[in-house]
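Enquirer:
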Amino acid sequence: MTDHRPTSRLRHAALPALIFIVVTLVAVGAALALWRSAESRDRARFEAESRVASVAVHERMERQIALLRGAAGLFAASDSVEAGDFNAYVERIDLKGRYPGVLGIGFAPHLNRPAERDAFVARMRQTAASDFHIWPAGDRPAYDPITYLSPLDRRNRAAIGFDMLTDPTRRTAMLRARDEGEAAASGRVFLVQEIETEKQPGFLVYLPVYRGGRVPVTTFGRARTLAGFVFSPLRARDLWNSVFSSDELRHVEVAIYDGAVAPANQLYQTGPIARSDALYYAETLLDVAGQPWIIVTATRPDFSQTSQRSLAWWTGGLGTLTALLLALAAWAQGRAALEAERARADLRRLNETLEARVDARTAEVSEAYAGLREEIERRQGAEEQVRQMQKMEAVGQLTGGIAHDFNNMLAIIIGSLDMAKRRVTDPERVSRLVDNAMEGATRAATLTQRLLAFSRRQPLSPERVDVNRLVAGMSDLIRRTLGETIRLETRLAADAWGTLVDVSQLENAILNLSVNARDAMPDGGSLVIETANRRLDDAYVQAHPSAKVGDYVSVAVTDTGEGMPPDVLAKAFEPFFTTKDVGKGTGLGLSQVFGFIQQSGGYVEIDSAPGEGTTVRIFLPWHESEGIGASDGHAATGARIPRGKADELILVVEDEDQVRLMSVEAMRDLGYTVVHAGGGGEALRTLREHPGIRLLVTDVVMPEMNGRELADAALRFAPDLKLLFTTGYTRDAIVKDGRVDEGVELLAKPFTLEQLAVKVRSVLDA
């Protein structure tokens with residue numbers, strides 16, 4: 001009798017799976033559409049609230065300037081405005097009730113000479129206050145003392161007589177107002193009215209008043225006829241609290257900065273703003289009476305609570321749950337039918353095979369249980385190993401992997417740009433664009449090298465080095481880097497030991513330290529580079545656990561710059577940590593030095609304190625050898641690129657198609673005959689088909705067969721074949737502990753056409 005049960009089981013399993021897939025796809029599609037719609041509405045809502053904040057700031061400042069224009073009109077209409085008239089005018093405005101944060105409206109006359117100052121003070125003592133005086137005291141070319149300031153409460157009394165020209169921030173705004181004939185806002189200041197313990201940042205708005213009541217046409221005329229300024233001192237927190245109390249901004253935080261976004265420039269904020277935590281963040285540049293302000297808006301945590309994004313999650317989740325329930329229902333129905341069919345068949349055979357079936361089922365269950373337990377134990381062990389491996393290798397693999405992939409992309413960019421530039425015969429514009437692109441790609445390549453240095457996975461080529469010769473050879477380069485305002489001094493120990501280190505990386509480390517020192521001395525200073533022999537003993541190692549006992553040659557770089565406080569010093573070697581402005585540093589300089597020295601078996605220490613400069617000492621292991629020499633790091637390269645011959649056949653192996661084709665094109669441009677392959681197996685077949693191949697140029701990291709394995713296989717049937725490895729990240733295929741194996745020729749990605757030409761020629765001629 002034919003058994004149709006396998007076919008029935010397949011049919012019953014396929015229907016639930018099909019139902020689940022179709023319904024889930026519909027639910028996911030609906031959820032994605034809802035998500036995009038909600039995200040668009042959220043962004044529009046945030047942008048609208050950001051515009052509300054900027055408009056509120058602009059309108060409030062326009063109202064303030066309008067107040068000053070009214071006061072200026074009072075002085076323009078009369079040659080003499082008495083204190084009583086001025087106070088009566090300001091009292092009618094009701095500043096405290098209608099304009100919170102505005103401490104008052106004042107007037108400061110412009111006095112040109114000490115004699116004019118003395119006459120003015122005498123007149124004020126006779127007509128206004130017997131103790132009136134201008135402060136700070138001293139003879140100056142001009143004075144603008146606060147004379148009227150209403151309402152004349154306790155805070156404003158403290159400001160009477162203050163010469164605002166003595167403060168650089170106020171003076172800048174006053175001169176701008178005088179020359180432009182328009183209102184001018186000052187930068188962030190603490191008002192002299194801040195006489196309480198709790199002080200607020202503030203600012204002032206000035207409007208010039210000219211003799212004759214009209215604004216002169218020329219800047220010279222404005223300066224000559226200036227009568228004084230009407231002004232308002234404003235407390236930022238009180239002012240903007242009254243502006244941003246509206247429910248229109250209940251889901252965003254607002255901060256106002258005078259200039260760049262920095263704590264020292266902050267005028268006001270409604271609450272804490274963390275850019276990384278905000279769903280949306282925006283910075284709006286606003287011109288406030290000639291002063292650039294930045295209005296920062298960021299979403300609050302409750303912004304998402306009013307979003308409809310959760311509807312997308314609910315739609316997707318409920319849709320998937322519905323799909324699962326429908327599939328389970330179909331499966332249960334099919335399973336019931338299948339079980340009924342099986343029960344009928346089993347019943348027919350029950351009397352004949354009951355005992356045998358019971359024994360077989362018992363053995364089957366026992367075997368399944370044992371297998372299941374073994375599989376669970378095996379998976380638990382494997383998962384534990386994976387977790388441990390991931391924890392130990394994550395950072396290094398991530399950094400190195402990114403650098404490898406990025407170097408492959410940069411190899412394509414730099415190589416293609418290099419060849420494109422050399423093929424352009426004249427057009428100056430095309431050449432300039434290519435130069436700009438080359439510069440950007442080269443900077444990106446430098447960044448990947450710094451990432452590799454930090455992860456201690458960069459390939460090193462150590463050689464015996466005389467540090468005295470190396471420092472002396474770099475002196476001219478360092479002087480040019482430091483500039484004319486910084487004096488360079490080298491103190492080289494007469495008996496300095498040699499060391500075994502990668503010359504280019506050591507030069508790069510010293511240059512990095514010199515650049516950091518230069519940036520710490522913006523007003524000039526001195527930089528000292530000193531070499532010495534040092535013995536690190538047990539006492540030193542106990543104080544510096546990362547160091548090892550032994551003999552070292554040290555290179556110390558000392559500057560007379562600003563120095564570092566303890567909190568900055570503690571983070572100095574952390575990657576991406578920098579105290580420089582945005583765009584002026586990557587934060588990888590010191591971490592690159594740290595990674596390179598650690599990889600070379602050495603140690604780095606920093607001594608620094610605020611105002612006392614900084615000293616960075618690198619310790620490199622002493623290497624005993626006679627006749628130690630060192631490249632001076634500036635070997636000249638010939639202007640003519642070495643070329644190949646048509647009878648010189650080269651095989652290029654690279655799994656990245658674009659990198660391979662770029663390399664092939666470059667070598668053909670150099671005059672070589674080139675064949676290529678995308679992997680190890682194809683490369684070995686090509687070698688057999690072309691016995692005249694003289695040089696194998698292969699990538700190191702490739703799937704199935706890496707570059708080292710390919711080279712070993714190729715040399716077995718072509719012993720005279722010459723080898724050149726290229727890599728952006730070696731993963732220890734040809735590098736041990738970061739050092740290139742002896743006798744291995746390596747060209748690091750990305751490389752230029754000139755670097756490729758020189759390396760290929762040197763390997764072929766060796």
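Numbering-wise, full-length UniProt numbering puts 124 at position 124 of the sequence shown, and it's gapless, one number per residue. From the three backbone atoms N, C-alpha and C, an ideal C-beta is built for every residue, glycine too.
(1) Name the DSSP beta bridge partners of Ala-184, please?
(2) Quick test of your reading: Thr-481 and Leu-506, contact by CB under 8 Å. State the CB separation rounded to the nearest angstrom.
(3) Restricting to runs no shorter than 3 residues, where is the beta strand (DSSP E) found entirely within the UniProt domain "Response regulatory" (649 to 764)?
(4) Return the Cβ separation of Gly-228 and Ala-76 in integer angstroms, given the expectation that the two are a contact with Cβ distance under 8 Å.
(5) Nearest-angstrom Cα distance between Val-296 and Ala-282?
(6) When you compare the region 64 to 82 with the region 203 to 210, are there three or more beta-carbon pairs, one atom per stretch, that lie closer than 8 Å?
(7) So Ser-591 and Glu-574 are supposed to be a Cβ contact under 8 Å. How far apart are they, rounded?
(8) Ala-327 to Glu-689, Cα distance in whole Å?
(9) What separation, rounded to the nearest whole angstrom, lies between the Cα atoms of Asp-712 and Trp-497?
(10) What residues match up with Ile-486 in a beta bridge as DSSP calls it?
(11) Helix, strand or coil for Trp-293? Go by DSSP, reduced to three states.
(12) In chain order, what residues of the same chain have a beta carbon less than 7 Å from the beta carbon of Glu-709, not counting five sequence neighbours either side?
(13) Return the residue from the list Pro-703, Tyr-672, Met-705 that minimises the CA-CA distance to Arg-694.
(14) May I ask whether a heavy atom of the ligand NAD can be found less than 6 Å away from the beta carbon of Ala-158?
(15) Using 10 angstroms around the beta-carbon of residue 777, count the other beta-carbons present and answer buried if the total reaches 16, otherwise exposed.
(16) With residue 784 as the anchor, note down where its beta strand (DSSP E) starts and where it stops.
(17) If you draw a straight line from the alpha carbon of Leu-249 to that of Val-23, how long is it in whole angstroms?
(18) Under the rule that 16 or more other beta-carbon atoms within 10 Å means buried, what is Trp-135, buried or exposed?
(19) From the DSSP secondary-structure annotation, give me the bridge partner or partners of Asn-533.
(20) Of the choices Arg-178, Gly-161, Ala-185, whose alpha-carbon is the least far from that of Thr-169?
(21) Is DSSP giving Asp-567 helix, strand or coil here?
(22) Determine, using beta-carbon pairs with one atom in the region 283 to 302 and one in the region 252 to 271, whether at least three such pairs fall under 8 Å.
(23) Decide if Glu-489 is buried, meaning its Cβ has at least 16 other Cβ atoms within 10 Å, or exposed.
(24) Going by Cα to Cα distance, which pick from Phe-619, Leu-325, Ala-520, Tyr-369 is closest to Val-553?
(25) Can you tell me whether Ala-122 is buried or exposed, with buried defined as 16 or more other CB within 10 angstroms of its CB?
(26) Just to confirm before moving on: does the CB-CB distance between Val-102 and Leu-234 stay below 7 Å?
(27) Can you tell me where the beta strand (DSSP E) with Leu-286 in it begins and where it stops?
(28) In this structure, does DSSP put Arg-235 in helix, strand or coil?
(29) Rounded to whole angstroms, what is the Cα-Cα separation between Asn-533 and Pro-201?
(30) Between Ile-19 and the rest of its own chain, which residues show a CB-CB distance below 6 Å, the 5 nearest in sequence each way excluded?
(31) Between Thr-284, Leu-67, Ser-366, Arg-535, which lies nearest to Ser-50 when the distance is taken from Cα to Cα?
(32) Quick check on Asp-346: does DSSP put it in helix, strand or coil?
(33) So the beta strand (DSSP E) Arg-464 belongs to, where does it begin and stop?
(34) For the beta strand (DSSP E) holding Gln-269, just list the boundary residues, first then last.
(35) Measure the alpha-carbon distance for Leu-746 versus Gly-595 and round it to whole angstroms.
(36) If we ignore side chains and look at the alpha-carbon of each, how far apart do Ser-245 and Leu-32 end up?
Expert: In short:
(1) Ala-184 is bridged to Tyr-206.
(2) That pair is no contact at about 16 Å.
(3) Whole beta strand (DSSP E) segments, 3+ residues: 649 to 653, 673 to 677, 693 to 699, 722 to 727, 746 to 748.
(4) The pair is not a contact, with the Cβ atoms about 11 Å apart (cut-off 8 Å).
(5) Approximately 6 Å, taken between the alpha carbons.
(6) Three or more beta-carbon pairs separated by less than 8 Å link the region 64 to 82 to the region 203 to 210, which places the two stretches in contact.
(7) With 8 Å as the limit, Ser-591 and Glu-574 qualify as a contact, their Cβ atoms being about 7 Å apart.
(8) Spanning the two alpha carbons is a distance of roughly 58 Å.
(9) Here the C-alpha atom of Asp-712 lies approximately 39 Å from the C-alpha atom of Trp-497.
(10) The beta-bridge partner set that DSSP reports for Ile-486 consists of Gly-525.
(11) Looking at Trp-293 - three-state DSSP - the assignment turns out to be strand.
(12) Cβ within range, chain order: Gly-680.
(13) The candidate whose alpha carbon is nearest that of Arg-694 is Tyr-672.
(14) Looking for the ligand NAD in the displayed structure turns up nothing, as the structure carries no ligands at all.
(15) Nothing in the structure corresponds to residue 777, since the chain is present only between 1 and 766.
(16) No answer is possible for residue 784: it lies beyond the span of the chain, which begins at 1 and ends at 766.
(17) Looking at the two C-alpha atoms, the distance is approximately 41 Å.
(18) Per the 10 Å Cβ criterion, exposed.
(19) DSSP, once it has assigned bridges, lists Val-553 as partnering Asn-533.
(20) When only C-alpha atoms are compared, the closest one is Ala-185.
(21) Residue state, collapsed to three classes: helix.
(22) Judged by Cβ distances under 8 Å, the region 283 to 302 makes contact with the region 252 to 271, as three or more pairs qualify.
(23) So Glu-489 ends up on the exposed side.
(24) Val-553 has its Cα closest to that of Phe-619, out of Phe-619, Leu-325, Ala-520, Tyr-369.
(25) Exposed.
(26) Between Val-102 and Leu-234, the CB-CB gap stays under 7 Å.
(27) From DSSP, the beta strand (DSSP E) with Leu-286 extends over 281 to 288.
(28) The answer is strand: DSSP assigns Arg-235 an E or B state.
(29) About 54 Å.
(30) Excluding five sequence positions before and after Ile-19, the CB atoms of its chain that fall closer than 6 Å to its own CB belong to Leu-326, Ala-327, Ala-330, given in chain order.
(31) Distances from the alpha-carbon of Ser-50 to those of Thr-284, Leu-67, Ser-366, Arg-535 put Thr-284 closest.
(32) Taken through DSSP and simplified to helix, strand or coil, Asp-346 comes out as helix.
(33) Annotation: the continuous beta strand (DSSP E) that includes Arg-464 extends over 462 to 466.
(34) For Gln-269, the enclosing beta strand (DSSP E) stretches over residues 266 to 269.
(35) When the Cα atoms are used, Leu-746 and Gly-595 turn out to be separated by approximately 21 Å.
(36) One Cα belongs to Ser-245, the other to Leu-32, and the distance between them is close to 36 Å.
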